[in-house]
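Colleague: This structure is in structure tokens; I'll ask about it shortly.
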Amino acid sequence: MTIRVLLADDQALLRATFRILIDSCDDTEVVGEAADGAEAVALTRELRPDIVLIDIRMPGTDGLAATAAVCADPELSGVRVLILTTFEVDEYVAQALRFGAGGFLGKDVTAEALLAGIRTVAAGESLLSPTATRTLITRFLAAPAPAPGARLAAPEQLRVLTARERQVTALAAQGRSNEEIAGKLFVSPLTVRTHIHRAMTKLDVRDRAQLVVMAYQSGLVQPPPAGAAEACSGEPAPQGACDGRARSTSSA
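Residues 221 to 472 in our numbering are what the sequence shown lists, from first letter to last.
Pasting the structure below:
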């Protein structure tokens, strides 16, 4: 099945570069381009892509407002948003995740990582890899002030979860993959996936990214010291940009 991508960036050259890369693979294609957030929302409603690959900083309606509009529209529940950012303004990343973005990538992303990210988010998973985003989780999600109108999680909300669901949610919020959680708890990755999906259903969150946000906001997980967070580093991108079997970053 081909993943249909809508590109939203005010830089025409960057859109052209991404289009060439995405269209070069058998399982991905660009179905539209937008130069600002308002156009991105309009085209998303018209074209119903699987993925909206959107920049945060754009003139007029920015990527954050567009993300909020897309993720809040029940008719677009099947559309996933993947944010492009330079990480220059930290709180923007946290807000994008709160609004419902499925993940984020830096604008200096490699071809392999971009395609793997698109496939990961299109599969209904979240781009929150243990190695690439653990620092972002601890630095950005716990600290920023909530966006206007954002729903915050109170500790009592987590009481609907079983002890095992809370345990799995906490480990996911620490940036651990399903395989790592399974190894720690001596269960199968499928069991971990089931616990995560049950937690998302009970807490009425859109995806793993919002589950992580809720875990930090509720105090279920506390960020480690800054030095420990900064010690985390990324790993090489998977080989084979157009290999649809390239390893995804994390399973929901």
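Beta carbons: idealized from backbone N, C-alpha and C, even for Gly.
With a threshold of 8 Å on Cβ separation, who are the neighbours of Ala-292 within its own chain once the five nearest residues in sequence on each side are excluded?
Modeller: Phe-319, Gly-320
Colleague: Residues in its own chain within less than 8 Å of Arg-239 by CB, not counting five upstream and five downstream?
Modeller: Leu-227, Val-250, Glu-253
Colleague: Among Leu-381, Thr-287, Arg-224, which residue has its Cα nearest to the Cα of Asp-246?
Modeller: Arg-224
Colleague: If contacts are defined as beta-carbon pairs under 8 Å, then Leu-381 and Ala-333 qualify, I think. What distance do you get, rounded to the angstrom?
Modeller: Between Ala-333 and Leu-381 the Cβ distance is about 32 Å, and since that is not below 8 Å, they are no contact.
Colleague: With three or more C-beta pairs closer than 8 Å as the rule, is the segment 274 to 290 touching the segment 254 to 266?
Modeller: yes
Colleague: Taking CB distances under 8 Å as the criterion, tell me whether Val-407 reaches chain D.
Modeller: Of the protein chains in the structure, only one exists, and it is not chain D.
Colleague: Which of the three DSSP states is assigned to Val-388 in this structure?
Modeller: If DSSP states are grouped into helix, strand and coil, Val-388 belongs with the helices.
Colleague: DSSP three-state label for Gly-323, please.
Modeller: strand
Colleague: From the DSSP output, read off the bridge partner residues of Arg-235.
Modeller: According to DSSP, Arg-235 bridges with nothing at all.
Colleague: If you scan the segment 253 to 280 from start to end, which runs of the beta strand (DSSP E) of 3 or more residues do you find wholly inside it?
Modeller: Qualifying beta strand (DSSP E) stretches, in chain order: 271 to 275.
Colleague: Examine the Cβ distances between the segment 385 to 403 and the segment 412 to 430 and report whether three or more of them are shorter than 8 Å.
Modeller: yes
Colleague: How many Å lie between Ala-336 and Phe-324 at the Cα?
Modeller: Taking the straight line from one Cα to the other gives about 12 Å.
Colleague: Indicate whether Ala-429 and Leu-317 have their beta-carbon atoms separated by less than 8 Å.
Modeller: The criterion of a C-beta distance shorter than 8 Å is satisfied by Ala-429 and Leu-317.
Colleague: Kindly indicate which residue of Asp-424, Ala-236, Asp-230, Val-261 has the alpha-carbon position closest to the one of Arg-277.
Modeller: Asp-230
Colleague: With distances taken Cα to Cα, identify the nearest neighbour of Lys-327 among Thr-222, Ala-343, Ser-346, Leu-302.
Modeller: Proximity to Lys-327 across Thr-222, Ala-343, Ser-346, Leu-302 peaks at Leu-302, based on C-alpha coordinates.
Colleague: Nearest-angstrom Cα distance between Ala-383 and Leu-440?
Modeller: 12 Å
Colleague: Comparing alpha-carbon positions, which option in Arg-265, Ala-260, Ile-271, Ser-346 lies nearest Pro-279?
Modeller: Ala-260
Colleague: Output needed for Ala-342: all residues of its chain with C-beta closer than 8 Å, excluding positions within five of it in sequence on either side, in chain order.
Modeller: Ile-223, Asp-270, Ile-271, Arg-300
Colleague: Excluding five sequence neighbours on each side, which residues of the same chain lie with their C-beta closer than 8 Å to the C-beta of Gln-387?
Modeller: If we look at Gln-387 and ignore the five residues flanking it on each side, its Cβ neighbours are Leu-405.
Colleague: Assign Leu-302 to one of three DSSP states: helix, strand, or coil.
Modeller: strand
Colleague: What's the gap between the Cα of Pro-409 and the Cα of Glu-400?
Modeller: In a straight line, the C-alpha of Pro-409 is about 8 Å away from that of Glu-400.
Colleague: Just to confirm before moving on: does the CB-CB distance between Leu-304 and Asp-282 stay below 8 Å?
Modeller: no
Colleague: In this structure, how does DSSP classify Ile-240 when only helix, strand and coil are distinguished?
Modeller: helix
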